[in-house]
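Q: The structure follows.
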């Protein structure tokens, strides 16, 4: 009876070792399978004209698990969002909150009338927008308007001024093309961003060979519309497009 524990320990040791080896082999086989699939994908005909840089690192031990052109420099695309987010978390912290303040250069009278300008000062908040899919509307400022009302402001005898001077940097990327700037992904950035800084151009047909009807949402007198669109026949091909002439309000 005294000799039984030793063989059992050996047996347990062998079983644990075999299990660890089996698990390690499974991980290695899984990793090898992933490496093979990624390599096959990168060598596919659809991607032969593209350039890829990949590096997968195990965060536990910093071991490089897979690498393709990891030392080569590329022009970053959407992956820069990951770097921007990581930098913001490190520098600003997870508890950081943007501030969008309202000031005035006037006087609030007893009846709730503000005699003077209402100045909205932005500090980079990207969330002054409507939920995705809701389309253009004024919902982004309903909460802010409610807070102003709660503070006693009922009427404004002055202008509503947007201040985006908090950012001192170029509003467009150096390598942005004219085609990219036509898209809502290529709008200028600013410290006061409302609805992604996008105006929606709404176009409706009129009579055949007559100018189409054009309107902006939200409405604004800041932009000038030069309408060259002509109404075609029913079911004719759409050839309309809208663009902002760089350096102008047209």
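In the working numbering, the protein residues as written are 33 to 282. Backbone N, C-alpha and C define an ideal beta-carbon position, used for all residues, glycine too.
Between 257, 193, 91 and 254, which has its C-alpha nearest residue 151's C-alpha?
A: When only C-alpha atoms are compared, the closest one is 193.
Q: Based on the DSSP secondary-structure assignment, which residues constitute the bridge partners of residue 98?
A: Residue 98 is bridged to 88.
Q: Candidates 160, 107 and 184: which alpha carbon is nearest residue 140's?
A: Looking at the Cα atoms, 184 is the closest of the given residues.
Q: Any idea if residue 55 is buried or exposed, counting beta-carbon neighbours within 10 angstroms, 16 or more meaning buried?
A: A caution first: residue 55 carries a pLDDT of 45, below 50, which makes its placement in the model unreliable, though a value can still be read off. That one is exposed.
Q: Hey, is the stretch 73-89 in contact with the stretch 98-106, meaning 3+ C-beta pairs nearer than 8 Å?
A: Contact between the stretch 73-89 and the stretch 98-106 is present, because at least three Cβ pairs lie under 8 Å.
Q: Alpha carbon to alpha carbon, how far is residue 64 from residue 121?
A: Those two C-alpha atoms are separated by around 33 Å.
Q: For residue 145, name the three-state secondary structure that DSSP assigns.
A: Correct three-state label for residue 145: strand.
Q: Which whole runs of the alpha helix (DSSP H) in the stretch 202-268 are 4 residues long or more, in chain order?
A: Counting whole runs of 4 or more residues, the stretch 202-268 contains the alpha helix (DSSP H) stretches 210-214.
Q: Evaluate residue 279 with the Cβ neighbour count: other Cβ atoms within 10 Å of its Cβ, from every protein chain shown; 16 or more gives buried, anything less gives exposed.
A: With fewer than 16 other Cβ atoms within 10 Å, it is exposed.
Q: Can you tell me whether residue 135 is helix, strand or coil according to DSSP?
A: Residue 135: strand per DSSP, three-state reduction.
Q: Identify which residue in 224, 109, 236 and 247 has its Cα closest to the Cα of residue 262.
A: When each option's Cα is compared against that of residue 262, the closest is 236.
Q: Could you tell me the boundaries of the beta strand (DSSP E) in which residue 194 lies?
A: Segment 192-195, the beta strand (DSSP E) holding residue 194.
Q: List the endpoints of the continuous alpha helix (DSSP H) containing residue 176.
A: Taken as a continuous stretch (DSSP letters only), the alpha helix (DSSP H) holding residue 176 covers 174-182.
Q: Whole-angstrom Cβ separation of residue 145 and residue 186, contact assumed at under 8 Å?
A: Yes, residue 145 and residue 186 are in contact; Cβ-Cβ is about 7 Å, under 8 Å.
Q: Hey, residue 160 and residue 195: beta-carbon distance below 9 Å or not?
A: Contact: no.
Q: Just how far apart, CA to CA, sit residue 177 and residue 269?
A: Using only the alpha carbons, I get a separation of about 43 Å.
Q: Leaving aside the five residues before and after residue 131 along the sequence, list all residues of the same chain whose C-beta is less than 7 Å from its C-beta, in chain order.
A: 155, listed in sequence order.
Q: What's the C-alpha gap between residue 227 and residue 250?
A: So the two alpha carbons sit approximately 10 Å from each other.
Q: Excluding the five sequence neighbours on either side, which residues of its own chain have a C-beta within less than 6 Å of the C-beta of residue 137, listed in chain order?
A: Counting only Cβ-Cβ distances below 6 Å, and skipping sequence neighbours, we find 148 and 149.
Q: Taking only the alpha-carbon atoms, compute the straight-line gap between residue 200 and residue 98 and give it to the nearest angstrom.
A: Cα to Cα, the separation comes out at about 40 Å.
Q: Can you round the beta-carbon distance between residue 255 and residue 239 to whole angstroms, since I take them to be within the 8 Å contact cut?
A: The Cβ separation is near 26 Å, so there is no contact.
Q: Can the beta-carbon of residue 107 be found closer than 9 Å to that of residue 204?
A: No, Cβ-Cβ distance for residue 107 and residue 204 is not below 9 Å.
Q: Per DSSP, what are the beta-bridge partners of residue 151 in this structure?
A: Answer is 135 and 193.
Q: Out of curiosity, what's the CA-to-CA distance linking residue 112 and residue 119?
A: Distance between the alpha carbons of residue 112 and residue 119: 10 Å.
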